[in-house]
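Enquirer: Residue numbers (the working numbering): 4 to 375. We treat Cβ as the ideally placed atom computed from N, Cα and C, and that holds for glycine. Attaching a single structure in structure tokens format; questions to follow.
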């Protein structure tokens, strides 16, 4: 069994510590993190966001330790810079329009895509998993894509916008879907086919380059890895680690299937898009189209099916305890969207911000899991 390395990216929102309104403090937070804490953060499209990246991790427990430490450091840097870092898919309060980061690339994106760029004040979680080569990466994406709706529901964490309930578990997904190259990808027959389609997008002007090929699962262009980018940033580390374990196991099983000549499920792109929309709307407590059966089914049951399918892989690569820990959280307090709705029921800002504050990196509703 292929036992791949894994890496995780998380994007965080910077807000006023009292009002929860987004603030453009990324430059200050990045500088404090580098100069005082020795942590290298990345800028994002807007000045109210920062990004962390784990190293290449041998397993998800290593990723967990790095995420806990990085979240604590970002929280400290944000406080020093006079703001608060929160783990949320979209701004729950204030204006959802951000000031585009002053860099050559981001200024060009703003020129080409206008208000679309300014309205991308959203935060996701991306999981990178190693594969043997680029050709395999394309085939692995074909095998992973039917499970994108379930992966999206696991970390759904953006029910609010402008202080109002959007009716979605992941409003971030709806905002993100406005990019011309986004959502679930088509099936590709080869690396060459993938490259040809990417070239068409770039020639059409719908993507500036391959970094703007924003499909929910994609092969990397410079490394033999597969990136799954369908998810909101997770409310807690345990949820982020659950997502990483699911993706890692999906990729590991897909590599084996590709080597054995197993064909991927030929789910039409539009069918998959409908299922992903349902997942972002309903969240894990609702239902969406099960693309394998063709019938609507509860997403929690679809997640159970996925876990059952992948349990031998979890056991082989040592990730089963992390999966069980994440599932207990989802079966108790629920997803980030569920917990946000309870916290904001009174209309008070502080309970919501306290829930989302990444200084609570290893806690969920008062339950410390750092030593678990």
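(1) By Cβ distance, which residues of its chain are closer than 6 Å to residue 123, with the 5 residues on each side in sequence left out?
(2) Extract the residue ranges of the alpha helix (DSSP H) inside the region 89-121, only unbroken runs of 4 or more that lie entirely within it.
(3) Between residue 9 and residue 91, how many whole angstroms is the CB-CB distance? I'm expecting something under 8 Å.
(4) Expressed to the nearest angstrom, what Euclidean distance is found between the alpha-carbon atoms of residue 374 and residue 43?
(5) Would you call residue 418 buried or exposed, if buried means 16 or more other Cβ atoms sit within 10 Å of its Cβ?
(6) Quick one: what's got a C-beta closer than 6 Å to residue 78's C-beta in the same chain, skipping five residues either side?
(7) Using C-beta distances below 7 Å, list every residue in its chain close to residue 155, excluding the 5 sequence neighbours before and after it, in chain order.
(8) Starting from residue 31, follow its DSSP beta bridges and name the residues at the other end.
(9) Would you kindly work out how many angstroms separate the C-alpha atoms of residue 271 and residue 145, rounded to a whole number?
(10) Let me know the secondary structure DSSP gives residue 174 once reduced to three states.
(11) Here's a check: name, in chain order, each residue in its chain whose Cβ is nearer than 7 Å to the Cβ of residue 221, leaving out the five neighbours to either side.
(12) Taking just the CA atoms, how far does residue 203 sit from residue 110?
(13) Should residue 96 and residue 32 be called a contact, given that it needs their Cβ atoms to be closer than 9 Å?
(14) What's the C-alpha gap between residue 252 and residue 317?
(15) Tell me the start and end of each unbroken beta strand (DSSP E) in the region 279-329 that is at least 3 residues and wholly inside, in chain order.
(16) If you drop the 5 nearest sequence neighbours on each side, which residues of the same chain put their C-beta closer than 6 Å to that of residue 98?
Expert: In brief:
(1) 48
(2) 107-116 and 118-121
(3) With a contact defined as Cβ atoms closer than 8 Å, residue 9 and residue 91 miss out at about 23 Å.
(4) Note on residue 374: pLDDT 34, under 50, position unreliable in the model; the coordinate value appears next. C-alpha separation (whole angstroms): 26 Å.
(5) Because the chain in this structure spans residues 4 to 375, residue 418 falls outside the shown range and cannot be described.
(6) 88, 361 and 362
(7) 173, 176, 233, 234, 279, 282 and 283
(8) None, per the DSSP bridge assignment.
(9) 11 Å
(10) Residue state for residue 174 is assigned as helix, using DSSP reduced to three classes.
(11) 144, 188 and 230
(12) 23 Å
(13) no
(14) Pairing residue 252 with residue 317, the inter-Cα distance amounts to about 6 Å.
(15) 290-293 and 298-301
(16) none
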